[in-house]
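Trainee:
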Amino acid sequence: MRLRGIRRLHRTAAVLAVIACCVATAWLGYSVALRYYFRAHMNEVAQRSSLYALTLESQLARYESIPRIAALEPVLSRLLNDPGERALRDEANAYLNAVQKNAELSAAYVMNARGETLAASNSNEPGSFIGSNYAFRPYFADAMKRGFGRFYGVGNTTGQAGYFLAVPIRNPGQPARAPIGVVAIKASLDRYEAALTKSGDVVLLVDRDGVAFLSSVASWRYRTLTPIPAATLRKLAATRQYGDAALEPLSDTPPAPAGAGRSSTQADSAPTPESLHLSLSGGRPAWYHVVYRAAGPLGWRVAVLVDSTDDERRALFASGGVAAATALVFALIMVAWLRHSREKERQRARTALLAAQRDLERRIAERTAELTAANAALEEKVDALDAARRILRDTRDTAIQAGKLAALGQMAAGITHELNQPLAAIMTLSSNAVRMAALGRSADLTRNLELVNDLAGRMGKIVAHMKGFARHESVSREAVSISEALQQALTLIEAHRKAAKVSVRVEPVPGQGIVLASSIRIEQLLVNLLTNAIDASAAGMDNRQVVVTTDVAGDIVRISVADSGKGIPADVMPRLFEPFFTTKQTGKGLGLGLAISQAIVDEFGGRLHARNGSGVEPELGGAVFIVELHRVSRKFSSHDERR
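Here the sequence shown is numbered in the numbering used here, starting from 79 and rising by one per residue.
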């Protein structure tokens, strides 16, 4: 019984010791974490406060040179010397208005040596500064005595706050003489205050007297960090720097005592408490740390309020983590007690895992067999698709060859006529040559034979063109000159053109008119288009004409074949490139010409389309077929790209 009580006492003591250890480590962790998070937070806020200060100084520096430049304007000094001259006053008002608009100022105005305003940018507006006396303002006195005045305050006339800068005006050529007046500008800091409001921080801009004249919290404007002495209040009332503002302290609670924060005082400036007891957005009052940064030439300070609640919360979480880690260490000791039972549990889990693994392997084998079968079926489909593509390609090549032969058949009668003429001439010249040889007229015989040779060469060229056009060969991609292809095509359709009594005008082809294609296929394409254009133009009674133009746009060569026919009906246009579709009479065509032309253009990655009306020759009024092919951008070696 006594031994059992001792054991119970030991267990209780051990539990209490563990609890005490966890509490101690939690408190230590909280203290260290709070110090770390607070220091990091303060450093981050210090960087942001420096950014706010630099932004403000940059904005203020932007206005520094404006009054200095304005003071050099001759019209202002002339106005101060002759204030009764209305023309000078109007000119000065216009100049100051331009300065105010161009520099985005609130106002710009000129005062004489007594502080009376003679001209202002708001001369034509209600509440104009003209006639007002601002000699009581510090910036006027500083400008007259020290050569430059700066001041921030509420406007005595408008009631709107602004940043004032003033510079004395002296007579030209008399820099040593006393100033005859002062030019001043007023700039608004509303944009800067709006940026503070959107920054997410609680930011105040405090002057030397401890008055917060700009704030991210609108209700804190013209409040003070600490109570202001009576002498300072009298000075502010005399200059009317903040108008009728009450200048009440932000906090009714004195600055935090030592240990919670401290106050510091700069030379000739109000105290700067490092902690304030405030209420934000109607919430409960709390202590806020304050980070200061000097800003601007008037001894202003950017004050950023720091709420350490988040730091305390994070430190509390960290201390909880430390306590949990400590408890975990002690909990690990109990793991040994459960080791045996967990080992059995692992064994059971291992057995179940092996069974699941075997089942998974079986499923993988089944899935692999299915994928293998699907892959084999897919390969068969790919082979069938390749075979279909080969059949389609062979069919297309056969159709193209048939189209060429059909074109030659249509041109056969004209070409026969072209061959009959030189053949008849050769027969006549041959008979004459026999008689000339018998008579010994060698000179005439020579000329006769030369004519025979020329006519035979002409016939040979016609036959060669027909043979080359009809030849069935593998398609190769090479640099093809559009100019040369047109000449070959024109030779082939010459007889047809003459028979149809149609003129063909070919505009000069640019030097860059070279495409990547097959010369035979391009010739066939042009023969088809020219033949169709000649047939369409031949149907007309008067202007039987075909115009071929070529232009280059970037890497595209565009060939346009325009005819003077009746154009393409709207119901025909959608079916224009269908195989075996034709608008010609029966026996005049198979309807394959445009379909073959479309296939040729597609083969070389181009585009063929048609429209009515000619942009090149508006008077033709027929149809226009346009071919677009890729221009050759580099020279090809003898190893041209093969299909």
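Think of the CB as a built atom: it goes at the ideal place given N, C-alpha and C, for glycine as much as any other residue.
(1) Which two residues bound the contiguous alpha helix (DSSP H) that contains A172?
(2) For the beta strand (DSSP E) containing T350, list its first residue and its last residue.
(3) From the DSSP output, in three-state form, read off Y366 for me.
(4) Quick check: L698 and S642, are their CB atoms within less than 8 Å of each other?
(5) Since I263 and P145 should fall inside the 8 Å C-beta cutoff, what is the C-beta to C-beta distance between them, to a whole number of angstroms?
(6) Going by CA-CA distance only, name the one from A139, G227 and A614 that's closest to A181.
(7) Please report how far the alpha carbon of G34 lies from the alpha carbon of V123, in whole angstroms.
(8) Is P246 helix, strand or coil by DSSP?
(9) On a CA-only basis, which of L129, R362, A617 and R689 is nearest M651? Give me that one, please.
(10) Are I560 and V593 touching if we call contact CB-CB under 8 Å?
(11) Who are the near neighbours of A491 in its chain, counting only those whose CB is closer than 6 Å to its CB and skipping five residues on each side?
(12) If you measure from the CB of I704, is any heavy atom of the ligand MG nearer than 7 Å?
(13) Using a 10 Å radius around the Cβ and a threshold of 16 neighbouring Cβ atoms, would you call V512 buried or exposed?
(14) Taking three-plus beta-carbon pairs below 8 Å as touching, is the region 423–438 in contact with the region 143–159?
(15) For the alpha helix (DSSP H) that contains N159, what are its first and last residues?
(16) Comparing alpha-carbon positions, which option in S201, A165, E457 and A191 lies nearest L174?
(17) With a cut-off of 8 Å, do at least 3 Cβ pairs link the region 229–238 to the region 82–99?
(18) Kindly indicate which three-state DSSP category G30 falls into: helix, strand or coil?
(19) On the three-state DSSP scale, how would you describe K644?
(20) Whole-angstrom Cβ separation of F218 and G231, contact assumed at under 8 Å?
(21) According to the neighbour-count rule (16 or more other Cβ atoms, all chains shown, within 10 Å of its Cβ), is M189 buried or exposed?
(22) Does the distance from the C-beta atom of S353 to that of V368 stay below 8 Å?
(23) Could you please give the first and the last residue of the uninterrupted beta strand (DSSP E) stretch that includes Y187?
(24) Please confirm whether N610 and G684 have their CB atoms less than 8 Å apart.
(25) Using the rule of at least 16 other Cβ atoms within 10 Å of the residue's Cβ for burial, across every protein chain shown, is T628 buried or exposed?
(26) For the beta strand (DSSP E) that contains T569, what are its first and last residues?
(27) According to DSSP, W378 sits in a beta bridge with which residue or residues?
(28) Inspect the beta-carbon positions of E601 and A567 and report whether they are closer than 8 Å.
(29) For the beta strand (DSSP E) holding K264, just list the boundary residues, first then last.
(30) Does the distance from the C-beta atom of N159 to that of I258 stay below 8 Å?
(31) Rounding to the nearest angstrom, what Cα-Cα distance links S734 and A381 in this structure?
(32) Quick check: the Cα distance between L274 and L292, rounded to an integer number of angstroms?
(33) Is the beta carbon of I247 closer than 8 Å to that of S386?
(34) When the distance is taken between beta carbons, is Q178 closer than 8 Å to A172?
(35) Tell me whether A254 sits in a helix, a strand or coil according to DSSP, three-state version.
(36) Which partner residues does H708 have in the DSSP bridge list?
Mentor: Concretely, from the data shown:
(1) Position 94 of the sequence shown, counted from the start, is the residue given in the question as residue 172. For A172, the enclosing alpha helix (DSSP H) has its first and last residue at R164 to N180.
(2) In the sequence shown, counting from the first residue as 1, residue 350 sits at position 272. It spans P349 to P351 - the beta strand (DSSP E) in which T350 sits, taken as one unbroken run.
(3) Mapped onto the sequence shown, residue 366 falls at position 288. Residue state, collapsed to three classes: strand.
(4) Walking along the sequence shown from the start, residue 698 turns up at place 620. Walking along the sequence shown from the start, residue 642 turns up at place 564. S642 is positioned such that its CB atom lies closer than 8 Å to that of L698.
(5) As a position in the sequence shown, residue 263 is number 185, starting the count at 1. As a position in the sequence shown, residue 145 is number 67, starting the count at 1. Indeed, because the Cβ distance is near 5 Å, the residues count as touching under 8 Å.
(6) Residue mapping note: residue 181 aligns to position 103 of the sequence shown, counting from 1. That would be A139, whose Cα lies nearest to the Cα of A181.
(7) The shown model of the chain, from 79 to 721, leaves out residue 34, and the question about it has no answer.
(8) Indexing the sequence shown from 1 puts residue 246 at position 168. P246 falls in the strand class under three-state DSSP.
(9) Walking along the sequence shown from the start, residue 651 turns up at place 573. Checking every option, the nearest Cα to that of M651 belongs to R689.
(10) Numbered from its first residue, the sequence shown carries residue 560 at position 482. Numbered from its first residue, the sequence shown carries residue 593 at position 515. Result yes, Cβ atoms of I560 and V593 sit closer than 8 Å.
(11) To locate residue 491, count along the sequence shown from 1; it is residue 413. Unreliable placement is indicated for A491, whose pLDDT of 49 sits below 50; the coordinate value is still reported in the next sentence. Within the same chain, A491 has no close Cβ partners at all.
(12) The ligand MG is absent from the structure shown, which contains no ligand whatsoever.
(13) Counting from 1 along the sequence shown, the entry for residue 512 is found at position 434. Classification for V512: exposed.
(14) Between the region 423–438 and the region 143–159 there are fewer than three inter-stretch CB-CB distances shorter than 8 Å, so the stretches are not counted as touching.
(15) In the sequence shown, counting from the first residue as 1, residue 159 sits at position 81. Element bounds for N159: P152 to N159.
(16) By 1-based counting over the sequence shown, the position of residue 174 is 96. Checking every option, the nearest Cα to that of L174 belongs to S201.
(17) With a cut-off of 8 Å, the region 82–99 and the region 229–238 do not count as touching, because too few Cβ pairs lie within range.
(18) Only positions 79 to 721 of the chain appear in this structure, which leaves residue 30 out of reach.
(19) The sequence position of residue 644 within the sequence shown is 566, counting from 1. When DSSP states are grouped into helix, strand and coil, K644 belongs to the coil group.
(20) As a first step, residue 218 must be located in the sequence shown, where it is residue number 140. As a first step, residue 231 must be located in the sequence shown, where it is residue number 153. F218 to G231, Cβ: 12 Å. No contact.
(21) Residue mapping note: residue 189 aligns to position 111 of the sequence shown, counting from 1. Looking at its Cβ environment, which holds 16 or more other Cβ atoms inside 10 Å, M189 is buried.
(22) The sequence position of residue 353 within the sequence shown is 275, counting from 1. The sequence position of residue 368 within the sequence shown is 290, counting from 1. Going by C-beta atoms, S353 is nearer than 8 Å to V368.
(23) Locating residue 187 in the sequence shown gives position 109, counting from the first residue. Here the beta strand (DSSP E) through Y187 covers A185 to N190.
(24) Within the sequence shown, the letter at position 532 stands for residue 610. Within the sequence shown, the letter at position 606 stands for residue 684. Against a cut-off of 8 Å, the Cβ pair of G684 and N610 comes out as no contact.
(25) Mapped onto the sequence shown, residue 628 falls at position 550. Around the beta carbon of T628, a 10 Å sphere encloses 16 or more other beta carbons of the protein chains shown; the residue is thus reported as buried.
(26) What you label residue 569 is simply residue 491 of the sequence shown in a count that begins at 1. Per DSSP, T569 lies in no beta strand (DSSP E); the unbroken alpha helix (DSSP H) holding it starts and ends at I560 to A578.
(27) Translated into the one-based positions of the sequence shown, residue 378 becomes position 300. W378 is bridged to A373.
(28) To locate residue 601, count along the sequence shown from 1; it is residue 523. To locate residue 567, count along the sequence shown from 1; it is residue 489. Yes, these two residues count as a Cβ contact at 8 Å.
(29) Looking up residue 264 in the sequence shown gives position 186. G259 to A265 is the extent of the beta strand (DSSP E) around K264.
(30) Position 81 of the sequence shown holds residue 159. Position 180 of the sequence shown holds residue 258. Result yes, Cβ atoms of N159 and I258 sit closer than 8 Å.
(31) The shown model of the chain, from 79 to 721, leaves out residue 734, and the question about it has no answer.
(32) Start at 1 with the first residue of the sequence shown, and residue 274 comes out as number 196. Start at 1 with the first residue of the sequence shown, and residue 292 comes out as number 214. The straight-line gap from Cα to Cα measures roughly 9 Å.
(33) In the sequence shown, the residue the question calls residue 386 occupies position 308. In the sequence shown, the residue the question calls residue 247 occupies position 169. No, they are not a contact pair.
(34) If you number the sequence shown from 1, residue 172 lands on position 94. If you number the sequence shown from 1, residue 178 lands on position 100. Contact flag unset, no.
(35) Position 176 of the sequence shown, counted from the start, is the residue given in the question as residue 254. Coil, per DSSP.
(36) Taking the sequence shown and counting its residues from 1, one reaches residue 708 at position 630. Secondary-structure assignment with DSSP links H708 through a beta bridge to I634.
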